[in-house]
Amino acid sequence: MLALVREEIAQILGSRSPEDIAEQASFRSLGVYREKRQQLISNLIERSGVRLPSTALFDYPNPAALARYVRSRIVGDVADVAPASVGATEDDDDRRDADDPIAVVGLACRYPGGVSSPDELWDVVATGRNTISDFPTDRGWDLENLFDPDPAHAGTSYSRKGGFLHDAADFDAEFFGMSPREALAVDPQQRLLLETSWEAIETAGINPLELRGTPTGVYLGVIYNDYASRLSTFPGELEGYLLNGSRQSVASGRVAYVLGLEGPAVSMDTACSSSLVALHQASAALRRGECSMALAGGVAVMSAPGLFLEFSRQRGMAVDGVCKAFADAADGAGFSEGVGVLLLERLSDARARGHRVLAVVRGSAVNQDGASNGLTAPNGPSQERVIRQALANARLTTADVDAVEGHGTGTTLGDPIEAQALLATYGQGREEGRPLWLGSLKSNIGHSQSAAGVGGVIKMVMALNREVLPRTLYVDRPSSHVDWDAGAVELLTEAVAWPRGERVRRAGVSSFGVSGTNAHLILEEAPTEEASNGEMVSAGGGVAPGVMPGVVPWVVSGRSAGALAAQAGRLLEYVRAAQAGGGGVDAVGVGCALVGSRAVFEHRAVVLGSDVEQLEAGLAGVARGEAVGGGVVGRVRSGVGRPVFVFPGQGAQWVGMGARLLDESVVFAEGIAECERVLSGWVDWSVRAVLRQEAGAPSLDRVDVVQPVSFAVMVALAKVWRSFGVEPAAVVGHSQGEVAAAYVAGLLSLEDACKVVALRSRLIGERLAGLGGMLSVAVSEQEALGRIGAGVWGGVEVAAVNGPGSVVVAGPAEAVERVRAVCEAEGVRARLIPVDYASHTTQVEQIRTELAEVLGGLSPRGGGEWVPLLSTVTGQWVSPGEMDGGYWFRNLRQPVRFAEAVDALAAEGYGVFVEVSAHPVLTVGVEEAVEAAGGQAVVTGTLRRDQDTVGQVLTSVAQLHVNGVAVDWAPVLGAVAGSDGGALVSLPTYAFQRERYWLDAPTVAVDATGLGLETLEHSLLGAAVPLAEGGQLFTGRISLETHPWLADHQVLGEPCWCRGVRADRVGDARRDARGLWGLR
1 MLALVREEIA
11 QILGSRSPED
21 IAEQASFRSL
31 GVYREKRQQL
41 ISNLIERSGV
51 RLPSTALFDY
61 PNPAALARYV
71 RSRIVGDVAD
81 VAPASVGATE
91 DDDDRRDADD
101 PIAVVGLACR
111 YPGGVSSPDE
121 LWDVVATGRN
131 TISDFPTDRG
141 WDLENLFDPD
151 PAHAGTSYSR
161 KGGFLHDAAD
171 FDAEFFGMSP
181 REALAVDPQQ
191 RLLLETSWEA
201 IETAGINPLE
211 LRGTPTGVYL
221 GVIYNDYASR
231 LSTFPGELEG
241 YLLNGSRQSV
251 ASGRVAYVLG
261 LEGPAVSMDT
271 ACSSSLVALH
281 QASAALRRGE
291 CSMALAGGVA
301 VMSAPGLFLE
311 FSRQRGMAVD
321 GVCKAFADAA
331 DGAGFSEGVG
341 VLLLERLSDA
351 RARGHRVLAV
361 VRGSAVNQDG
371 ASNGLTAPNG
381 PSQERVIRQA
391 LANARLTTAD
401 VDAVEGHGTG
411 TTLGDPIEAQ
421 ALLATYGQGR
431 EEGRPLWLGS
441 LKSNIGHSQS
451 AAGVGGVIKM
461 VMALNREVLP
471 RTLYVDRPSS
481 HVDWDAGAVE
491 LLTEAVAWPR
501 GERVRRAGVS
511 SFGVSGTNAH
521 LILEEAPTEE
531 ASNGEMVSAG
541 GGVAPGVMPG
551 VVPWVVSGRS
561 AGALAAQAGR
571 LLEYVRAAQA
581 GGGGVDAVGV
591 GCALVGSRAV
601 FEHRAVVLGS
611 DVEQLEAGLA
621 GVARGEAVGG
631 GVVGRVRSGV
641 GRPVFVFPGQ
651 GAQWVGMGAR
661 LLDESVVFAE
671 GIAECERVLS
681 GWVDWSVRAV
691 LRQEAGAPSL
701 DRVDVVQPVS
711 FAVMVALAKV
721 WRSFGVEPAA
731 VVGHSQGEVA
741 AAYVAGLLSL
751 EDACKVVALR
761 SRLIGERLAG
771 LGGMLSVAVS
781 EQEALGRIGA
791 GVWGGVEVAA
801 VNGPGSVVVA
811 GPAEAVERVR
821 AVCEAEGVRA
831 RLIPVDYASH
841 TTQVEQIRTE
851 LAEVLGGLSP
861 RGGGEWVPLL
871 STVTGQWVSP
881 GEMDGGYWFR
891 NLRQPVRFAE
901 AVDALAAEGY
911 GVFVEVSAHP
921 VLTVGVEEAV
931 EAAGGQAVVT
941 GTLRRDQDTV
951 GQVLTSVAQL
961 HVNGVAVDWA
971 PVLGAVAGSD
981 GGALVSLPTY
991 AFQRERYWLD
1001 APTVAVDATG
1011 LGLETLEHSL
1021 LGAAVPLAEG
1031 GQLFTGRISL
1041 ETHPWLADHQ
1051 VLGEPCWCRG
1061 VRADRVGDAR
1071 RDARGLWGLR
């Protein structure tokens, strides 16, 4: 059904093939709009014979979902056809408990000072840095007129400082499927939430794409919508994008839409407490079973400076922009920006799914000040109540909590009220010498408003893991407005050790909104079992440098070539830092994390190494855009097609083949042992002894040895490919390779396949050996036949056609040698095949009767599951039961029509060819055949001469992976396939390739139309205001930005509007006003 849906989409779009249609791509991204939607529905109704609603493409928004739905209508199954929820198992109800703590399993953030991760945020607080800076210069703010030291001066700010995300406009639009136009219209807050939500999931060791279609919730605090509202006019090309791009309600919905999350998506605005309220609501929803996981957090980006104007009038800001939390020097809040997102799930679920637990939310509470002393004034009793309720919800006492991350904005009113509430609650009933430690992140980064609460949570999660409480800055001495003797509360004026021990460590986090909505949350360290098995670890896992279990693959990808290189560079830097730290690198852990917790994109690389230095060199090469050593770099081909296993005839063998792989691959060794066991009924030697060249083992020069051994090697290698999840959609065999193909396809039992290869090769050795030879020649079949017919190549026959320019001729040894000499003289490439008989010629007729006798008892399988096999004898698909003794004579007698078989396979959509052999001998022929037919294919071998190692196998597997074939890397990494938990190694997140998207507002300081005034088209006069007593008042503002000619006249380096120019310009303005308004 999926193939049918793809076919119809391709037909409607016209310019694409069905294989190019990604099954998970939205119809919108594919270009199926409006009338095309209806056309697709109509075509599917006609093809399927069932009625489909016109809304089907909205309800089932991608080809895979639509195919499942159509199929369900056909078979009459009307059950929900949505994808099964990842992690939502039948046992969830048994695990769900209203008292189940909430686990923090992932976190991501951006905060002032270039902070782009929780680790970088920790570095800021641990080193005691301040990240306050000047107002941004790239947002179109009228900086020249915005500042005035007078708090009473309307339209100005008396502070020029704050904490800003100076790269807030930068965004990777392509990664999230946005056009540049849409990205420009979307509020930077929504863009930041997309990036950090993705990163939060990655840091949890989860591939974000695995959450698509699951009941994962999104709870986000968002208070600003000034990106669009600051504009007096909307650019026409952005209409249809701008409104939704700036709506607060859409912020959570956009995250859910882009990531495919189907739990509740709620945006909330309770002012400064928004993000902590969002965490509270997410935790409650998880406990109620409304979602399986939840993204929770908040964001604040000030696109316009309105907040600074507002708080200047209230005189509530610190002039230097610094929050001096709980200090006697506190002189107001310093406002900032930020975004923080956590990934949450029930603790029982986190344990069941193997997710790393960073901390636990034991309880939380939200309340309101009610009819307090003022709408925006804080209220101490309300804060006490919310703290006590959070403790009650967590079933804890005040003495069970070690520290509190306070709201602490640095205001002369709010800080004392908050401190008194803490003294009245946490400050009471404590043991001697165990005060409550109080700090505030705002002293480092400012008050990030709707991102402040979640920032405090991230800080305390990091503190729990780093086992230290960092100091709070700018506390010259504690506020004298607080009675610090009223309880056991101490400010963190210095860092305090906070080691894990017998006592469970806990911290409270407070966030109070100017709206009067208060929130308090209690964090707890991860339980001991999670801490010992899943604490945050870097690439270094205590492994001695250089110690490796064997060849390890590191799989990296990106949405573009630049992203791939950047991702490799980021990982390289990370690993080098771990090496420099002396902890070594857990190479397998890194490999598991890359495979288990990262999405796979179009541009791919696989770096292989048996030591960390090789892996580093490989990463460095990928970072430069090239492959180094065993590394493989590529891009997914559109319509890559289905895989075919290709089994060659004689000629791929070499002495010692597979010997090292016997020791390195359990799967290969098991395959060889199984074949050896069955072959022992017809041969008196050991396959493994031949491979290892043990004393007394027969030589590969004997046909009755080389063919059974080659068969065993091919069968075992096919088993290796299947262990990597690469299943053939079809198989094809060349000459005696068709025996292995028949077994792998399930058309022959292993017993019958071994019987064919053993008894037939024995007959060849006894009756045909020494009578002929075979020669591979680089000419077309037509040219070969012409030369044979003309007598130039007398005495030989065409035994195989391997490609458009490659044939094999065979016949008596003398004739073959004559042809070789002619080719050499003519400069035609020719290579003797190391055999001394002429299969696929009339010589084979000598053993027709005997072969029929020895193979008479074959029982080819006539039913059950089997893989399609395209015969190189008949050029047709083989039917079950067809491969009897007579077939295996024809397989040896008739010319091998390999090129025709490849043409047929390519024509039917098979685009991946894997030669399963000890050395590739057919790959060139396959490539030439596909190219001659006007197609393209991915072609790879398995082993190579003198390269029979796991490393070579992995290189071949990597070739498929980078070209888009699904590969399971678990066998070599020892990871559990499909595990939700990923690995415990914490890796760098995705390397977004950002570009600047910022919609500039009009540069005039005040827009007259937006204020309801009549505008004047004049260089100085901005608006006309009717006066009550009659007449008009003309107003205007000037600045270097709006009137750059002012810079033409300067005094002592400062622009100056001299009296003469001023009189002249004012006179012009007076005359212009009379003309504009008809005044006298």
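Positions 1 to 1080 (UniProt numbering) are the ones given, in order, by the sequence shown. Where a beta carbon is used, it is the ideal one built from N, C-alpha and C, also for glycine.
Worksheet item: Looking only at C-alpha atoms, which of Val357, Glu405, Leu413, Glu262 sits nearest to alanine 377?
Response: Taking the first residue of the sequence shown as 1, we reach residue 377 at position 377. The option with the nearest alpha carbon to alanine 377 is Leu413.
Item to complete: Please say whether alanine 488 and glycine 427 have beta carbons closer to each other than 7 Å?
Response: Stepping through the sequence shown from its first residue, residue 427 is reached at position 427. Stepping through the sequence shown from its first residue, residue 488 is reached at position 488. Yes, they are a contact pair.
Fill in: Expected contact under 8 Å - CB spacing of residue 1103 and leucine 107 to nearest Å
A question about residue 1103 goes unanswered here, because the residues of the chain that appear run from 1 up to 1080.
Discussion item. Quick check: the Cα distance between leucine 438 and serine 510, rounded to an integer number of angstroms?
Written reply: One-based indexing of the sequence shown puts residue 438 at position 438. One-based indexing of the sequence shown puts residue 510 at position 510. Rounded to whole angstroms, leucine 438 to serine 510 spans 11 Å at the Cα level.
Discussion item. I need the straight-line Cα distance from arginine 6 to serine 749, nearest angstrom please.
Written reply: Residue numbering aside, residue 6 sits at position 6 when the sequence shown is read from its first letter. Residue numbering aside, residue 749 sits at position 749 when the sequence shown is read from its first letter. Distance between the alpha carbons of arginine 6 and serine 749 is about 36 Å.
Practice prompt. Please classify proline 112: does DSSP put it in a helix, a strand, or coil?
Written response: One-based indexing of the sequence shown puts residue 112 at position 112. If DSSP states are grouped into helix, strand and coil, proline 112 belongs with coil.
Item to complete: For tyrosine 474, name the three-state secondary structure that DSSP assigns.
Response: Residue mapping note: residue 474 aligns to position 474 of the sequence shown, counting from 1. Note: tyrosine 474 maps to coil in three-state DSSP.
Worksheet item: Is DSSP giving serine 17 helix, strand or coil here?
Response: In the sequence shown, the residue the question calls residue 17 occupies position 17. Residue state for serine 17 is assigned as coil, using DSSP reduced to three classes.
Worksheet item: With tyrosine 224 and alanine 300 assumed to form a contact (beta carbons below 8 Å), what rounded beta-carbon distance in angstroms separates them?
Response: Counting from one through the sequence shown, the residue named residue 224 turns up at place 224. Counting from one through the sequence shown, the residue named residue 300 turns up at place 300. Yes, they are in contact, since the Cβ atoms of tyrosine 224 and alanine 300 sit about 6 Å apart, within 8 Å.
Fill in: Residues near glycine 516 in its chain [Cβ-Cβ closer than 6 Å; skip 5 each side]
On the sequence shown, residue 516 is found 516 positions in, with the first residue counted as 1. Cβ neighbours of glycine 516 beyond the five flanking positions: Gln368, Asp369.
Worksheet item: So valine 646 and valine 816 are in contact, right, with Cβ under 8 Å, and what is the actual spacing, rounded?
Response: Along the sequence shown, one-based indexing puts residue 646 at 646. Along the sequence shown, one-based indexing puts residue 816 at 816. The Cβ separation is near 25 Å, so there is no contact.
Worksheet item: For the alpha helix (DSSP H) that contains tryptophan 198, what are its first and last residues?
Response: Locating residue 198 in the sequence shown gives position 198, where the first residue counts as 1. Judged by DSSP secondary structure, tryptophan 198 falls within the alpha helix (DSSP H) whose first and last residues are 188 to 203.
Fill in: Complete runs of the beta strand (DSSP E) confined to the stretch 408 to 459 [at least 3 residues]
Whole beta strand (DSSP E) segments, 3+ residues: 436 to 439.
Fill in: Best match in Val854, Ala966, His355, Leu343 for proximity to valine 726 [C-alpha to C-alpha]
On the sequence shown, residue 726 is found 726 positions in, with the first residue counted as 1. Selection Val854, Ala966, His355, Leu343 evaluated against valine 726 yields Ala966 as nearest (Cα-Cα).
Worksheet item: So what's tyrosine 33 in DSSP terms, helix, strand or just coil?
Response: Within the sequence shown, numbered from 1, the residue matching residue 33 stands at position 33. Correct three-state label for tyrosine 33: coil.
Worksheet item: Do you know offhand how far alanine 932's Cα is from proline 804's?
Response: As a position in the sequence shown, residue 932 is number 932, starting the count at 1. As a position in the sequence shown, residue 804 is number 804, starting the count at 1. One C-alpha to the other measures close to 7 Å.
Worksheet entry | glycine 733, DSSP secondary structure in three states | By 1-based counting over the sequence shown, the position of residue 733 is 733. Judged by DSSP in its simplified three-state form, glycine 733 adopts strand.
Practice prompt. Using DSSP bridges, identify the partner residues of glutamine 368.
Written response: As a working note, residue 368 is residue 368 in the sequence shown. Looking at the DSSP assignment, glutamine 368 forms a beta bridge with Thr517.
Worksheet entry | valine 655 versus alanine 695: straight-line alpha-carbon distance, rounded | Counted from its first residue, the sequence shown places residue 655 at position 655. Counted from its first residue, the sequence shown places residue 695 at position 695. Roughly 14 Å separates the two Cα atoms.
Practice prompt. Could you please give the first and the last residue of the uninterrupted beta strand (DSSP E) stretch that includes arginine 831?
Written response: As a first step, residue 831 must be located in the sequence shown, where it is residue number 831. It spans 830 to 833 - the beta strand (DSSP E) in which arginine 831 sits, taken as one unbroken run.
Worksheet item: Taking the alpha helix (DSSP H) that asparagine 393 falls in, what are its first and last residues?
Response: Residue numbering aside, residue 393 sits at position 393 when the sequence shown is read from its first letter. Annotation: the continuous alpha helix (DSSP H) that includes asparagine 393 extends over 380 to 394.
Fill in: Three or more C-beta pairs below 8 Å linking the stretch 474 to 482 and the stretch 320 to 329
By the Cβ rule, the stretch 474 to 482 counts as touching the stretch 320 to 329, because three or more pairs are nearer than 8 Å.
Practice prompt. Evaluate the contact criterion for the stretch 862 to 873 versus the stretch 899 to 912: three or more CB pairs, one atom per stretch, below 8 Å.
Written response: Segments in contact, yes.
Discussion item. Tell me the rounded alpha-carbon separation between valine 921 and methionine 714.
Written reply: The count along the sequence shown starts at 1 and reaches residue 921 at position 921. The count along the sequence shown starts at 1 and reaches residue 714 at position 714. So the two alpha carbons sit approximately 13 Å from each other.
Discussion item. Classify valine 843: buried if its beta carbon has 16 or more other beta carbons within 10 angstroms, exposed otherwise.
Written reply: Within the sequence shown, numbered from 1, the residue matching residue 843 stands at position 843. It should be noted that the sequence gives glutamine, not valine, for residue 843. With a threshold of 16 other beta carbon atoms within 10 Å, glutamine 843 meets it and is buried.
Worksheet item: In angstroms, rounded to a whole number, what distance separates the CA positions of alanine 103 and alanine 168?
Response: On the sequence shown, position 103 is the one that residue 103 refers to. On the sequence shown, position 168 is the one that residue 168 refers to. Whole-angstrom Cα-Cα distance: 29 Å.
Discussion item. For serine 956, count the other beta carbons within 10 Å of its own beta carbon; 16 or more makes it buried, fewer makes it exposed. Which is it?
Written reply: Sequence index remark: in the sequence shown, residue 956 carries index 956 (1-based). Label assigned to serine 956: buried.
Worksheet item: Just curious, the beta strand (DSSP E) that tryptophan 554 is in, first and last residue?
Response: Translated into the one-based positions of the sequence shown, residue 554 becomes position 554. Note, tryptophan 554: beta strand (DSSP E), 552 to 558.
Discussion item. Please give me, in chain order, every unbroken run of the alpha helix (DSSP H) with length at least 4 that falls completely inside the stretch 250 to 331.
Written reply: Qualifying alpha helix (DSSP H) stretches, in chain order: 274 to 287, 306 to 314.
Worksheet item: Assuming leucine 276 contacts leucine 521 under a Cβ cut-off of 8 Å, what Cβ separation, rounded to an integer in Å, is found between them?
Response: Translated into positions along the sequence shown, residue 276 becomes position 276. Translated into positions along the sequence shown, residue 521 becomes position 521. Indeed they touch by this definition, with Cβ atoms about 6 Å apart.
Practice prompt. Classify glycine 651 as buried or exposed, calling it buried when 16 or more other Cβ atoms lie within 10 Å of its own Cβ.
Written response: Locating residue 651 in the sequence shown gives position 651, where the first residue counts as 1. Residue burial annotation: glycine 651 is buried, with at least 16 other C-beta atoms found within 10 angstroms of its C-beta.
Worksheet entry | Whole-angstrom C-beta distance between alanine 769 and valine 777, which should lie under 8 Å | For the purposes of this step, residue 777 is taken as the residue at position 777 of the sequence shown. For the purposes of this step, residue 769 is taken as the residue at position 769 of the sequence shown. Rounded, the Cβ-Cβ distance is 23 Å, inconsistent with contact.
Fill in: From Val835, Asp836, Thr841, Ser806, residue whose alpha carbon lies closest to that of valine 828
Here the question's residue 828 lines up with position 828 in the sequence shown. Checked all of Val835, Asp836, Thr841, Ser806; the closest Cα to valine 828 is Ser806.
Worksheet item: Just the Cα atoms here: how many angstroms apart are glycine 1010 and serine 267?
Response: Taking the first residue of the sequence shown as 1, we reach residue 1010 at position 1010. Taking the first residue of the sequence shown as 1, we reach residue 267 at position 267. Here the model assigns glycine 1010 a pLDDT of 46, short of 50, so the residue's position is not dependable, and the following value carries that caveat. Taking the straight line joining both Cα atoms gives about 28 Å.
Worksheet item: Under a Cβ-count criterion, where at least 16 other Cβ atoms within 10 Å of its own Cβ denotes burial, should asparagine 373 be classed as buried or exposed?
Response: Residue numbering aside, residue 373 sits at position 373 when the sequence shown is read from its first letter. Result: exposed.
Item to complete: Sort Ser48, Ala25, Ile9, Tyr60 by Cα distance to lysine 36 and report the nearest one.
Response: In the sequence shown, counting from the first residue as 1, residue 36 sits at position 36. Measuring from the Cα of lysine 36, the nearest candidate turns out to be Ile9.
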